[in-house]
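Below is one structure, written out as C-alpha cells; the observations come after it.
Residue numbers (the numbering used here), protein chains in the order written: chain C, 1 to 267; chain D, 1001 to 1014.
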C-alpha cells in the first residue's frame, strides 16, 4: 500500500509547474526513501530527475516499492484547480487496479476533490543516471534561479525563438559566465560577473572553473529548464564538453530536481 | 550548424 500526505499542495504544484510543459509523462518510483521521478521529452533531448525524500511528506507510508507511469498533462490540470493550502493525499493499493488516487481537501470549507489517474507507459524511463565525479566538469556556475530565468527569457525574446534550433552558447572563464545567441539581425551577449563576497548580495553568482569552456545548447530546452526556479532560488549549472550539462535546483534539504541535456556538437 | 545528441542513447551507453 502507498499512502502519502502533504499538508500543502504548493510543493507538488511547483513540481508540476517545473516539468509539465516540456515532459508529457513521467515515471514515479515510490520506495522507502521517498519519491524518485524521471521523464524524457518526446525527442529524447532532455531528461529530468526529481528526488523528494520521505521527509518532504507529512505522512509517508510505502511498504513496497511501487513504480508507475503517469500523464503529467492530466496531473497538471488537476493541480491547477487545487489551492496552495489544500491537503493532498496520494494513495495506491497493489490491487492491480493500475490507478493512483490524488485527494485534495481544502481546509477552510472541507471541499474534497478526488482524481484517479490510470498508469500509462513511460517512453524509456527510468534510466540509470551515473553520478559523474566533479573532476569531469570543466566548470560549475551557481546563480540565482530568477536571474537564470530572466536571462533565458531575454535570449528567447531576442533569438529567433520561432525557429527550431535557436542556440545559446554558454562560456565560462574564471571571472564571468557569458550567454550568447544569434538573432535574425544581430547577436546578443549577456555577461554575468562572479559576485565578490564583499558585495554580500543575498544571492551570489559563483563560478568554479577548472578550465575555460564554451558550449552550445538548444535555447528552447534551456528555457524550459529555467522553470525549476519554482522549486529553488538557486540553480547550479555543471558544464562538460563530453557529458550532459546538469541544471540542478536543490529543494530545501528534501531533494532536488536535475535537468540533463547534451551540448550541441559541430555537424 | 550544430547537431543535438540523444540523452537516452547517451545514458544507455554508460
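Idealized CB from N, CA, C, for every residue including glycine.
Query: Between the CA atoms of residue 35 (chain C) and residue 236 (chain C) - distance to the nearest angstrom; Result: 22 Å
Query: Cross-chain neighbours of residue 46 (chain C) in chain D, by beta carbon under 7 Å; Result: 1007
Query: Backbone CA spacing between residue 8 (chain C) and residue 47 (chain C) [nearest angstrom]; Result: 27 Å
Query: Collapsed DSSP secondary structure at residue 226 (chain C) in the structure displayed; Result: helix
Query: With 16 other Cβ atoms within 10 Å as the buried cut-off, status of residue 62 (chain C); Result: buried
Query: Neighbourhood of residue 30 (chain C) by C-beta, 6 Å cutoff - its chain only, sequence neighbours within 5 removed; Result: 2, 62 and 66
Query: Buried versus exposed, by CB contacts within 10 Å (16 or more), residue 222 (chain C); Result: buried
Query: Runs of beta strand (DSSP E) lying entirely within the segment 118 to 203 of chain C, each at least 3 residues, in chain order; Result: 139 to 144, 167 to 172, 176 to 182 and 187 to 193
Query: Cross-strand partners of residue 27 (chain C) (DSSP beta bridge); Result: C:38 and C:69
Query: Paired residues, beta bridge with residue 104 (chain C) - DSSP; Result: C:88 and C:113
Query: Proximity winner among C:138, C:81, C:120 and C:15, relative to residue 241 (chain C) (alpha-carbon distances); Result: C:138
Query: Contact set for residue 105 (chain C): own chain, Cβ-Cβ below 7 Å, skip 5 residues either direction; Result: 86, 87 and 112
Query: Residues that residue 1003 (chain D) bridges to, as DSSP identifies them; Result: C:265
Query: For residue 168 (chain C) and residue 251 (chain C), the rounded distance between their alpha carbons; Result: 26 Å
Query: Beta-bridge partners of residue 276 (chain C), as assigned by DSSP; Result: With chain C running from 1 to 267 in the structure shown, residue 276 (chain C) is simply not present.
Query: Length of the line joining the Cα atoms of residue 94 (chain C) and residue 58 (chain C); Result: 22 Å
Query: DSSP bridge partner residues for residue 250 (chain C) (one or two, in chain order); Result: C:256
Query: Alpha-carbon to alpha-carbon, residue 39 (chain C) and residue 1010 (chain D); Result: 15 Å
Query: Contact with chain D by residue 220 (chain C), beta-carbon distance below 7 Å; Result: no
Query: The segment 18 to 33 of chain C / the segment 66 to 77 of chain C touching (three or more Cβ pairs under 8 Å); Result: yes
Query: Proximity of residue 966 (chain D) and residue 262 (chain C) at Cβ, strictly below 7 Å; Result: Because chain D is modelled from 1001 through 1014, residue 966 (chain D) falls outside the range shown and cannot be assessed.
Query: Residue 152 (chain C) classed as buried or exposed, judged by whether at least 16 other C-beta atoms fall within 10 angstroms; Result: buried
Query: Backbone CA spacing between residue 117 (chain C) and residue 189 (chain C) [nearest angstrom]; Result: 45 Å
Query: Residue from C:4, C:91 and C:102 whose Cα sits closest to the Cα of residue 75 (chain C); Result: C:102
Query: Cutoff 7 Å: residue 262 (chain C) Cβ touching any chain D Cβ; Result: yes
Query: Chain D contact for residue 127 (chain C) (CB, 7 Å cutoff); Result: yes
Query: Alpha-carbon spacing of residue 157 (chain C) relative to residue 1007 (chain D), whole angstroms; Result: 27 Å
Query: Three-way DSSP call (helix, strand, coil) for residue 238 (chain C) in this model; Result: strand
Query: 8 Å contact criterion, which residue 181 (chain C) and residue 166 (chain C) should meet: CB distance rounded; Result: 6 Å
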